[in-house]
Amino acid sequence: MKTHHCLSDGLGFSTFFLCLSGEFDPKVLPGVKPLGFVKDMIITLLTPFLTARATLEILLTTRIPNALSGTKQMTGNKRGAFTEDLVLDDIKTFCKSKEVTINDYMCGLLSNTLY
30 MKTHHCLSDG
40 LGFSTFFLCL
50 SGEFDPKVLP
60 GVKPLGFVKD
70 MIITLLTPFL
80 TARATLEILL
90 TTRIPNALSG
100 TKQMTGNKRG
110 AFTEDLVLDD
120 IKTFCKSKEV
130 TINDYMCGLL
140 SNTLY
């Protein structure tokens, strides 16, 4: 199964794929280092306050900005577009001539499309 590295870390992917298989055994996963008593106590004491703060921030938000433009109100209208297939060999040749990676090219293409 092919996945992108931005979706999770190695341990998350390992666990996910092991769960999909019939041979999942949590004992084979690397152990997580336990927190010390002081760190655990700080987290335990701060969790209610941080949860309340996050809840208040969400509840007091009056307007959800459009993530793409930042200024326009969200309308709920959905639009879509289609394009021709991109030829990977042409992209590789172009990227080599400009001395950029394919990932840089695709990020630039996506950001230009969204803008």
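Residue numbering for the sequence shown follows my numbering, starting at 30 and increasing by one per position.
Ideal placement from N, C-alpha and C gives every residue a C-beta, glycine not left out.
Here the structure is a predicted model, which is why all the values come from computation and not from measurement.
If I follow the unbroken alpha helix (DSSP H) through residue i, where does it start and stop?
i    : result
P55  : It is not in any alpha helix (DSSP H) - P55 carries neither H nor E in the DSSP assignment.
A110 : Element bounds for A110: n/a, residue is neither H nor E.
K62  : Per DSSP, K62 belongs to no alpha helix (DSSP H) and is neither H nor E.
G41  : 39 to 49
L89  : It is not in any alpha helix (DSSP H) - L89 carries neither H nor E in the DSSP assignment.
H122 : According to the sequence provided, residue 122 is Thr. The question's His does not apply to it. Run containing T122: 117 to 127, per the alpha helix (DSSP H) assignment.
Considering only C-alpha positions, which residue in the set the options is nearest to residue i?
i    : options                : result
F111 : F53, T142, C136        : T142
L58  : G39, L139, D133        : G39
L117 : E128, G109, R108, Y134 : Y134
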